[in-house]
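*Asks:* One structure coming up, written as structure tokens, with questions to follow.
In UniProt numbering, the protein residues as written are 1 to 397.
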């Protein structure tokens with residue numbers, strides 16, 4: 001039975017029987033106060049500051065912290081969800097800065113912006129890095145703005161950091177990028193396990209490669225490419241970029257949201273990433289170029305991969321010879337991996353393949369969507385996998 005289950009009437013009856021014993025009643029009141037004081041020390045509070053047309057909620061929250069300093073240690077999660085008009089003014093940025101600097105017991109810090117459109121000015125990162133009263137308890141940082149490589153390094157060096165999300169990694173600090181270095185003594189010192197970020201621009205690519213030497217055991221990386229030019233994340237460049245995390249990486253996700261995805265000269269060779277179990281890539285990162293119908297994509301994939309998601313660009317018109325060859329290569333490979341052909345079983349741990357249709361600008365198309373969907377629907381249901389095989393194949397729009 002929980003304390004909250006006690007009805008007001010029952011509590012009233014209990015206390016009424018004690019009214020003749022003032023000492024006992026006083027002792028009980030003191031005990032209740034002690035329960036309250038001790039319980040409050042263990043309470044965790046989330047602070048979420050959002051946009052308001054009536055005025056600055058950040059200013060009101062700062063006023064509360066100044067009047068109630070006892071709340072500072074209880075705030076573990078701080079979230080800003082503001083518009084550009086909220087944080088454009090230096091005064092408002094200073095208030096946000098003061099709030100964050102006071103909350104030194106944070107575990108999670110999230111800074112959103114619903115109308116972020118690759119601003120030409122940066123938003124100051126308000127976390128503290130100094131030894132005294134620094135944000136050394138932070139486990140997760142979400143920064144939905146652009147960030148310079150040196151700022152990302154600061155976040156990765158937080159002593160208890162586990163996950164970081166950055167919308168755009170860009171060279172936004174004049175002169176500071178050119179001298180950016182990661183000393184060898186810092187390699188394998190960060191506790192970071194998960195990194196999500198928008199595609200790095202051309203100049204930040206080398207910096208990111210250096211930064212990936214910092215984590216002891218980086219297990220998850222996701223790239224959410226939003227810019228027009230994606231050459232920094234081309235197949236060959238992607239493999240070189242991830243080389244520092246080759247032995248520890250378990251999940252890799254590459255999503256192309258906008259821009260022209262050109263045909264790469266060769267697929268992404270991830271066969272050396274022995275710990276990789278979950279992978280999501282565009283179709284042409286795996287099946288490019290197709291030289292022959294019996295194309296062995298598994299030659300470039302980790303042997304013990306368990307889940308594979310392939311995003312493809314549909315051919316809405318009559319299939320041309322290129323997409324037909326891609327289609328034949330994909331279906332033949334799936335049947336081989338599924339064990340339907342009398343060949344030695346490849347990739348024995350692979351149990352699920354997801355084909356996800358993506359509609360965005362591209363140079364060329366990948367697969368005849370309608371034909372592919374018909375074939376997959378003709379095979380076994382999702383729960384049973386392909387006919388007479390072990391592989392589950394999903395199709396999603």
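Even glycine gets a Cβ: it sits at the ideal position worked out from N, Cα and C. These numbers come from a predicted model, not from an experiment.
Span of the alpha helix (DSSP H) holding residue 13?
*Replies:* Position 13 of the chain shown, counted from the first residue, corresponds to residue 13. Element bounds for residue 13: 8-16.
*Asks:* According to DSSP, is residue 245 helix, strand or coil?
*Replies:* Looking up residue 245 in the chain shown gives position 245. Of the three classes helix, strand and coil, the one that applies to residue 245 here is helix, per DSSP.
*Asks:* Taking its Cβ as the centre, do 16 or more other Cβ atoms sit within 10 Å of residue 175, making it buried, or is it exposed?
*Replies:* Numbered from 1 along the chain shown, position 175 holds the residue referred to as residue 175. Residue placement at residue 175 is flagged as unreliable, the pLDDT there being 48, under the threshold of 50; the coordinate-derived value follows with that caveat. Flag for residue 175 reads exposed.
*Asks:* Decide yes or no for the touch test of the segment 46-63 against the segment 13-30: beta carbon pairs closer than 8 Å, at least 3 of them.
*Replies:* Because the criterion of three Cβ pairs below 8 Å is not met, the segment 46-63 and the segment 13-30 do not touch.
*Asks:* Could you check where the alpha helix (DSSP H) with residue 352 kicks off and where it finishes?
*Replies:* Stepping through the chain shown from its first residue, residue 352 is reached at position 352. No alpha helix (DSSP H) contains residue 352, which is instead part of the beta strand (DSSP E) from 352-357.
*Asks:* Just curious, the beta strand (DSSP E) that residue 220 is in, first and last residue?
*Replies:* Reading the chain shown from its first residue, position 220 is the one you call residue 220. Note, residue 220: beta strand (DSSP E), 220-225.
*Asks:* Got a sec? Which residues, its chain only, sit under 8 Å from residue 61 by beta carbon, not counting five neighbours each side?
*Replies:* On the chain shown, residue 61 is found 61 positions in, with the first residue counted as 1. So the qualifying residues of the chain are 47, 49 and 99.
*Asks:* Please report the residue range of the alpha helix (DSSP H) in which residue 397 lies.
*Replies:* As a position in the chain shown, residue 397 is number 397, starting the count at 1. Careful: residue 397 lies outside any alpha helix (DSSP H) and carries neither H nor E.
*Asks:* Mind checking whether residue 365 and residue 303 have CB atoms under 8 Å apart?
*Replies:* In the chain shown, residue 365 corresponds to position 365, counting from 1. In the chain shown, residue 303 corresponds to position 303, counting from 1. No, they are not a contact pair.
*Asks:* Checking the sheet assignment: what are the DSSP bridge partners for residue 165?
*Replies:* Reading the chain shown from its first residue, position 165 is the one you call residue 165. Note: residue 165 sits in a beta bridge opposite 142 and 196.
*Asks:* Give the straight-line distance between the Cα atoms of residue 280 and residue 308, rounded to the nearest whole angstrom.
*Replies:* Counting from one through the chain shown, the residue named residue 280 turns up at place 280. Counting from one through the chain shown, the residue named residue 308 turns up at place 308. One C-alpha to the other measures close to 6 Å.
*Asks:* Would you call the segment 187-194 and the segment 208-221 touching, i.e. three or more CB-CB distances under 8 Å?
*Replies:* Yes: at least three Cβ pairs fall under 8 Å.
*Asks:* Comparing C-alpha positions only, which one of 130, 153, 162 and 149 sits nearest to residue 138?
*Replies:* As a position in the chain shown, residue 138 is number 138, starting the count at 1. Nearest of 130, 153, 162 and 149 to residue 138, Cα basis: 162.
*Asks:* Measure from the alpha carbon of residue 247 to the alpha carbon of each residue in 273, 236, 90 and 126, then state which is nearest.
*Replies:* Here residue 247 corresponds to residue number 247 of the chain shown, with the count starting at 1. Answer by Cα proximity: 273.
*Asks:* Return the first residue and the last residue of the alpha helix (DSSP H) that residue 285 is part of.
*Replies:* Counting from 1 along the chain shown, the entry for residue 285 is found at position 285. No alpha helix (DSSP H) contains residue 285, which DSSP labels as neither H nor E.
*Asks:* Could you pull the start and end residues of the beta strand (DSSP E) that residue 310 belongs to?
*Replies:* Taking the first residue of the chain shown as position 1, residue 310 is located at position 310. Residues 307-312.
*Asks:* Assuming residue 225 and residue 169 are in contact, meaning their beta carbons sit under 8 Å apart, how far apart are those beta carbons, in whole angstroms?
*Replies:* Here residue 225 is taken as the residue at index 225 of the chain shown, counted from 1. Here residue 169 is taken as the residue at index 169 of the chain shown, counted from 1. In fact, because the Cβ distance is near 11 Å, the residues do not count as touching under 8 Å.
*Asks:* Alpha carbon to alpha carbon, how far is residue 180 from residue 207?
*Replies:* Looking up residue 180 in the chain shown gives position 180. Looking up residue 207 in the chain shown gives position 207. Those two C-alpha atoms are separated by around 7 Å.
*Asks:* Nearest-angstrom Cα distance between residue 105 and residue 253?
*Replies:* Against the chain shown, residue 105 aligns to sequence position 105. Against the chain shown, residue 253 aligns to sequence position 253. Whole-angstrom Cα-Cα distance: 32 Å.
*Asks:* Mapping the DSSP letters down to three states, classify residue 127 as helix, strand or coil.
*Replies:* Here residue 127 refers to the residue found at position 127 when the chain shown is read from its first residue. Reduced to three states, the DSSP call for residue 127 is coil.
*Asks:* Given that a residue counts as buried once 16 or more other Cβ atoms are within 10 Å of its Cβ, and exposed if not, what is residue 155?
*Replies:* Taking the chain shown and counting its residues from 1, one reaches residue 155 at position 155. With 16 or more Cβ atoms within 10 Å of its Cβ, residue 155 is classed as buried.
*Asks:* Closest to residue 367 by C-alpha separation, out of 306, 128 and 325, would be which residue?
*Replies:* The residue labelled residue 367 in the question sits at position 367 within the chain shown. Considering only alpha carbons, the answer is 325.
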